[in-house]
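Chains as they are written, first to last, in the working numbering: chain D, 306 to 470; chain Y, 306 to 470; chain P, 306 to 470; chain G, 306 to 470. Take a look at the structure below.
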């Protein structure tokens with residue numbers, strides 16, 4: 306299972322701790338973490354996952370694999386700038402958004418457009434015509450976020466062809 | 306001047322009328338309209354601009370120039386799906402969002418991240434921690450939207466090298 | 306009609322003269338020139354087209370419209386680096402390659418893969434298993450290149466829906 | 306080490322055997338195989354690598370992870386069509402081209418432009434002005450190709466920051 310973790314490239318210590326725990330919980334459940342590969346929430350989540358023995362993929366905006374944070378196991382180098390956000394969304398079965406700014410909001414919007422479940426920890430709320438749009442599944446804490454993400458994947462999962470080898 | 310118009314690929318008659326008037330007002334002021342080139346808000350805005358003698362560019366998601374609506378004068382074919390949204394944002398000096406769903410929200414977020422002014426007609430509101438984020442400039446009507454877009458461009462404009470020929 | 310002109314971002318004076326004449330001949334025949342928007346062959350071709358009253362589109366690799374050469378009338382900003390080459394190929398009905406290095410070769414290959422006619426002026430030859438592959442249509446001079454490009458377009462043209470307005 | 310294997314999405318049985326052996330040899334030396342994730346040369350190479358216990362990454366052109374061949378361990382979903390070829394090139398330290406058509410030629414050209422070593426097995430030759438351009442390193446057989454790829458990487462390798470965890 307591939308789960309995306311999205312959030313700011315810089316973040317407070319408190320947010321980093323949330324992200325690191327999200328990474329750790331994903332690894333403990335055998336999920337592969339996919340993120341944008343840079344610092345802040347991305348680095349903290351990768352760190353949590355790697356230290357717990359999990360697998361991490363970083364889909365990078367620039368042209369250099371060395372821009373990946375040191376906890377990215379598999380760097381994918383796109384040279385596409387922020388357009389790489391869409392590759393994260395398309396490559397995962399659910400997204401956990403931790404805090405985040407406008408870049409995170411654009412990823413949330415892309416995921417919702419594609420029908421990918423989005424779990425939110427301290428993140429954006431969406432309103433239109435003064436009414437809240439209940440599209441983001443709110444989580445209480447990192448463990449809750451990971452559990453809700455995996456549950457959402459299992460709900461939408463359709464039978465898939467078996468992978469060999 | 307290049308101004309983006311974003312909004313849903315399908316829309317109500319009422320929203321189409323707003324979009325068409327936005328296109329017409331842009332053309333009257335000599336601005337080039339840039340959009341995603343498909344139907345709904347995009348087609349209505351292009352129609353308004355073309356019938357008023359303006360120039361229209363459609364940055365298409367698919368591989369076929371023929372998917373452009375008939376009021377696109379210059380189709381740019383990307384084959385990149387929704388990632389083409391970013392090309393619209395990057396190619397304009399301001400954005401007018403007319404109504405719209407999650408795709409429009411992702412474009413608004415990208416524009417705000419890049420510091421491109423976003424004028425909103427009947428569109429999303431952004432909230433975080435229960436507080437409204439005042440990043441979208443609200444407009445009363447199409448004429449107001451176009452005036453606010455042009456004013457925002459003139460405000461942020463830095464001296465640019467002259468274009469020859 | 307949209308015709309792509311591809312070639313190096315730097316070039317000799319002699320190659321620049323060829324490219325400028327290609328641009329001029331395209332403009333005289335009412336074709337819109339599409340290119341990568343930078344210097345060298347691209348700038349020379351745009352210059353030729355603009356000075357002859359033609360329309361020029363530059364699909365730029367970077368994030369800044371100001372990187373366009375001064376003869377680009379319509380800059381499209383992609384932020385995608387060399388991946389923008391594909392957008393040029395997809396947006397035109399034929400390609401004229403003027404000299405060029407590996408970047409040009411990749412564009413030629415993409416065009417041939419898509420079945421877009423490629424006219425070559427002083428450019429690459431393709432060989433496989435010691436045999437020349439006759440996929441690039443050779444031209445004697447700029448006027449010949451433009452005539453062959455327009456002829457190739459008319460040959461492959463399928464009936465298209467009418468554009469209004 | 307990340308090594309790209311490129312070649313046609315369909316191929317003869319003989320070419321498939323070459324590709325499968327390339328995959329197997331990469332896995333035996335601990336290299337991660339990166340490819341376009343589809344059939345033909347890509348599937349054969351992935352099969353060779355997986356059956357020998359290696360890791361395989363498929364960078365897919367479409368929007369569906371299920372288009373990956375069954376030997377892709379990590380599918381990256383781009384929705385960008387052939388523009389995804391560049392992501393393969395950017396994410397590896399060397400490329401092995403097995404046979405291939407115009408798509409492969411475009412990848413070879415991109416790699417050479419970026420200074421990535423390209424090893425060729427039965428693939429394109431590049432000529433200009435009637436002279437062969439000696440940019441592709443020819444290999445005699447799959448084992449030779451893999452050895453030359455790894456040697457080329459070690460030659461160009463610059464000191465890199467250590468990866469943790």
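Note that CB positions come from ideal geometry on N, CA and C, so glycine has one too.
- Check the Cα spacing between residue 343 of chain G and each of G:311, G:417, G:392, G:441: the tightest is with G:311.
- The beta-bridge partner set that DSSP reports for residue 380 of chain G consists of G:363.
- When rounded, the separation of the alpha-carbon atoms in residue 393 of chain P and residue 439 of chain G is 28 Å.
- CA-to-CA, the gap between residue 308 of chain D and residue 397 of chain D works out to about 5 Å.
- In the structure shown, residue 341 of chain Y falls within a coil segment according to DSSP collapsed to helix, strand and coil.
- Each residue's CA atom was taken as its position, placing residue 363 of chain Y and residue 413 of chain G some 32 Å apart.
- With respect to the 8 Å criterion, residue 324 of chain P and residue 349 of chain P are classified as neighbours on the basis of their beta carbons.
- Spanning the alpha carbons of residue 437 of chain G and residue 450 of chain G requires a straight line of approximately 20 Å.
- Of all residues in the stretch 366–388 of chain G, the ones placed with a Cβ closer than 8 Å to any Cβ belonging to chain Y are 368, 384, 385, 386, 387, 388, in chain order.
- If you compare the alpha carbons of D:346, D:327, D:382 with that of residue 446 of chain D, the shortest gap goes to D:327.
- Near chain Y, meaning a CB-to-CB distance below 8 Å, the residues of the stretch 389–401 of chain P are 391, 392, 395, 396.
- Sequence-distant Cβ neighbours of residue 384 of chain G in its own chain, meaning closer than 6 Å and more than five residues away, are 368.
- For residue 311 of chain Y, there are no C-beta contacts with chain P under 7 Å, since the nearest C-beta of that chain is about 16 Å from it.
- Of the candidates Y:306, Y:432, Y:420, Y:428, Y:306 places its Cα closest to the Cα of residue 359 of chain Y.
- Less than 8 Å separates the beta-carbon of residue 361 of chain G from that of residue 377 of chain G.
- At a cut-off of 8 Å between C-beta atoms, residue 333 of chain D does not count as an interface residue with respect to chain Y.
- Residue 351 of chain P carries a helical assignment under DSSP once its states are collapsed to helix, strand and coil.
- Remark: C-beta atoms of residue 415 of chain P and residue 390 of chain P approach each other more closely than 8 Å.
- Residues of chain P whose Cβ lies closer than 8 Å to the Cβ of residue 362 of chain Y are, in chain order, 379, 381.
- Contact annotation: in the stretch 406–434 of chain Y, residues whose CB is within less than 9 Å of a CB in chain D are 406, 407, 408, 409, 410, 411, 412, 413, 414, 415, 416, 417, 418, 419, 427, 428, 429, 430, 431, 432, 433, 434.
- C-alpha of residue 372 of chain P to C-alpha of residue 387 of chain P: approximately 14 Å in a straight line.
- If you draw a straight line from the Cα of residue 337 of chain P to the Cα of residue 356 of chain P, it is about 13 Å long.
- For residue 447 of chain G, the three-state secondary structure derived from DSSP is helix.
- A distance below 8 Å separates the beta carbons of residue 400 of chain Y and residue 423 of chain Y.
- Assignment of residue 397 of chain Y by DSSP, reduced to helix, strand and coil, places it in the coil class.
- Closest in alpha carbon position to residue 455 of chain Y, among Y:421, Y:321, Y:435, is Y:421.
- Per the C-alpha coordinates, the member of Y:410, Y:418, Y:419, Y:433 positioned closest to residue 427 of chain Y is Y:410.
- Under the three-state reduction of DSSP, residue 312 of chain P is assigned to strand.
- Residue pairing for residue 410 of chain Y: DSSP places it in no beta bridge.
- The residues 320, 345, 346, 404, 405, 406, 408, 409, in chain order, have a CB closer than 8 Å to that of residue 313 of chain Y in the same chain once the five nearest residues on each side in sequence are set aside.
- Exposure of residue 435 of chain Y is indicated by the presence of fewer than 16 other C-beta atoms within 10 angstroms of its C-beta.
- Residue G:425 holds the alpha-carbon nearest to the alpha-carbon of residue 457 of chain G among G:433, G:425, G:322.
- No Cβ-Cβ contact shorter than 8 Å links residue 366 of chain D with residue 380 of chain D.
- Annotation: residue 417 of chain D to residue 453 of chain D spans about 16 Å, alpha carbon to alpha carbon.
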